[in-house]
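See structure below.
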């Protein structure tokens, strides 16, 4: 039986759970403070792995020298990892004003803006963080998520396609592509892209959940449940099944009742 599905409602959430945790596939963002934009921990010291400790450590350095681009970058990343999104955006905004040509700062600032739901501004800032003659596939993918969350799905998919030309088969980009199709109500194409993502040995737990959600939205709940719990320890399998049921229940509110938003995870690749 075809299930009622209102993809446009997914955009009602300002974040669509596309912020830090989703972007890292469920692992802590402090597992690495560096990414493809060239960010490094200041003075080559080991980055704290605990987000709160990292905020404290880099915050102290930032207050001592707020004009240091590397320190501002590490502090902004730590704030994002700790869920302090507005503060991260503020710190990174000031850093980009002080260092207007610093592409690593622009990239992190754009990501922080996306975290906060400022999607058009995020897209514009990220456009300055790389160039058509030297594109960063990770930033192309983040720009795609910003476009998707503004309802510009066809345009978003052109950014995912460009990212996949540079990083063929990347599961995070393929997952975003699948969710873009889901938002456009094209569930078969969404499933096709997500199955490609899931087949990758680098696929995150989030990819598995997204595939299960898309399969479940097509009315194939038993198959969806098998996907989300396959080859997992019992506790993780149970958690995934509970997640899937919750997401599908959000879509199946009684007629006339206020629907909660099914949550899918557009990711920000680091």
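In mature numbering (1 follows the signal peptide of the UniProt record, and there is no 0), the protein residues as written are -21 to -1, 1 to 249. Glycine included, each C-beta is placed from N, C-alpha and C at the ideal position.
In this structure residue 176 is in contact with residue 157, their Cβ atoms being roughly 7 Å apart against a cut-off of 8 Å. The residues 34, 66, 67, 70, in chain order, have a CB closer than 7 Å to that of residue 58 in the same chain once the five nearest residues on each side in sequence are set aside.
For residue 195, the enclosing alpha helix (DSSP H) stretches over residues 184 to 196. For the pair residue 198 and residue 166, the Cα-to-Cα distance works out to about 11 Å. Between the C-alpha atoms of residue 31 and residue 98 there is a straight-line separation of about 26 Å. Closest option to residue 148, judged by alpha-carbon separation, among 159, 181, 108: 181. The shortest C-alpha to C-alpha distance from residue 188 to any of 227, 128, 101, 162 is the one to 227. Going by C-alpha positions, residue 101 is about 18 Å away from residue 60. Annotation: the region 67 to 136 contains the following complete segments of the alpha helix (DSSP H) (minimum length 4 residues), in chain order: 82 to 94, 98 to 108, 116 to 128.
A distance below 7 Å between beta-carbons, with the five flanking residues on each side excluded, links residue 77 to the following residues of its chain, in chain order: 46. Annotated three-state conformation of residue 144 is helix, per DSSP.
Going by DSSP, residue 208 is part of the alpha helix (DSSP H) stretching over 200 to 208. Relative to the Cα of residue 121, the nearest Cα in the group 89, 112, 107 belongs to 89.
Look at residue 159 here: in three-state DSSP terms it is helix. Between residue 85 and residue 51 the beta-carbon gap is near 12 Å, outside 8 Å, which marks them as no contact.
Under a 10 Å Cβ-count criterion, residue 87 is classified as buried, with 16 or more other Cβ atoms of the shown protein chains found around its own Cβ. One Cα belongs to residue 150, the other to residue 192, and the distance between them is close to 16 Å. Residue 155 places its beta carbon less than 9 Å from that of residue 127.
Residue 215 has its alpha-carbon roughly 25 Å from the corresponding atom of residue 171.
When secondary structure is reduced to three states using DSSP, residue 62 falls in the coil class, being assigned neither helix nor strand. In terms of Cβ geometry, residue 48 and residue 37 do not form a close pair [threshold 9 Å]. Rounded to the nearest whole angstrom, the CA to CA distance from residue 73 to residue 29 is 25 Å.
In the three-state scheme derived from DSSP, where H, G and I count as helix and E and B as strand, residue 36 is classed as helix. The closest CA to that of residue 160, considering only 179, 146, 190, is found on 190.
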